[in-house]
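Asks:
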Amino acid sequence: MSKSSGWDQRLIVSSDGKGLVGHAGAVLLRKCADRTGLTRGLNQVLPRGNGPGWWDRGTVLISLAVVIVLGATSMSDIALLAHQGLVFGGRPSEATVRRTLAGLDEKTLKRIGTARAKVRAHVWALLARRPQGFPWLSVAGKLLTGWVVIDLDATLITAHSDKQGAAATFKKGYGFHPLGAWCANTSECLAVGAHVIRFWR
Numbered sequence: 001m002s003k004s005s006g007w008d009q010r011l012i013v014s015s016d017g018k019g020l021v022g023h024a025g026a027v028l029l030r031k032c033a034d035r036t037g038l039t040r041g042l043n044q045v046l047p048r049g050n051g052p053g054w055w056d057r058g059t060v061l062i063s064l065a066v067v068i069v070l071g072a073t074s075m076s077d078i079a080l081l082a083h084q085g086l087v088f089g090g091r092p093s094e095a096t097v098r099r100t101l102a103g104l105d106e107k108t109l110k111r112i113g114t115a116r117a118k119v120r121a122h123v124w125a126l127l128a129r130r131p132q133g134f135p136w137l138s139v140a141g142k143l144l145t146g147w148v149v150i151d152l153d154a155t156l157i158t159a160h161s162d163k164q165g166a167a168a169t170f171k172k173g174y175g176f177h178p179l180g181a182w183c184a185n186t187s188e189c190l191a192v193g194a195h196v197i198r199f200w201r
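Okay, so the sequence shown: first residue is 1 according to the UniProt record's numbering, each after it adds one.
1. Would you tell me roughly how many angstroms separate the C-alpha atoms of T186 and L80, rounded to the nearest one?
2. Near G173, what residues of its chain come up, given a Cβ to Cβ distance below 7 angstroms and the 5 sequence neighbours on each side ignored?
3. DSSP three-state label for K107, please.
4. Tell me the rounded alpha-carbon separation between G49 and K142.
5. Within a Cβ cutoff of 6 angstroms, which residues of the same chain sit near S4, ignoring the five residues on either side of it in sequence?
6. So does the region 84-96 actually touch the region 33-47, counting three or more Cβ pairs closer than 8 angstroms?
7. For S138, count the other beta carbons within 10 Å of its own beta carbon; 16 or more makes it buried, fewer makes it exposed. Which is it?
8. Can you give the Cα-Cα distance for R30 and I62, rounded to whole angstroms?
9. Is I78 buried or exposed, if buried means 16 or more other CB atoms sit within 10 Å of its CB?
10. Starting from V148, follow the alpha helix (DSSP H) in both directions and report where the run begins and ends.
11. Would you say G37 and H177 are within 8 angstroms of each other, going by their C-beta atoms?
12. With burial defined as no fewer than 16 other Cβ atoms inside 10 Å of the residue's Cβ, what is the status of F88: buried or exposed?
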């Protein structure tokens, strides 16, 4: 049985102080992924299964993204979603998260990239339909209509190293400073240096 959708249909807003949850902002992130079609899109391109304990792999990835926002630093921190049980219901286990990540080969990552691109195009189309339109940037009083601006910058990730010859970063700390790319129009992260992915595995 799929556990990929329907959780938000049970939500209500009340003022009686019952059924409260912490980190309520996580609900908005998860609902955004579901409403924009990202969860469904990922579920369609990732391997499917069946059985009473099966979790759709796209849903697992979205759940992992939510716990990272909540402060997770390892796969075992998927347990943070236990605090959201009244909202999301059950959560994937650490073993399910590990199996999901282990199945992400190059071919699968390309399919995920394609799914994300489709969702981004859909969201940008929705932004363009707003009364104020798509968020084009203004520079020196000139509106750059039709220009999508990519902001490239380094992001510091602290990681102490006892290796011989290790040198401090330009801000006198130890770690990595991978390049990241952000869309200045929408403030969304587009890509981060590949060595960061290796570092966090």
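All residues carry an ideal CB built from backbone N, CA and C; glycine is no exception.
Note that this is a predicted model, so its numbers are computed, not measured.
Replies: The relevant details are as follows:
1. 29 angstroms
2. L156, T158
3. helix
4. 52 angstroms
5. Because the pLDDT at S4 is just 46, under 50, the model does not fix this residue reliably, and the value given afterwards should be weighed accordingly. The answer, listed in chain order, is N43, D56, T59.
6. With the cut-off at 8 angstroms, the region 84-96 and the region 33-47 do not touch.
7. exposed
8. 7 angstroms
9. Residue environment: I78 is assigned as buried (16 or more neighbouring CB atoms within 10 Å of its CB, all protein chains considered).
10. Per DSSP, V148 belongs to no alpha helix (DSSP H) and is neither H nor E.
11. no
12. Under this definition F88 is a buried residue.
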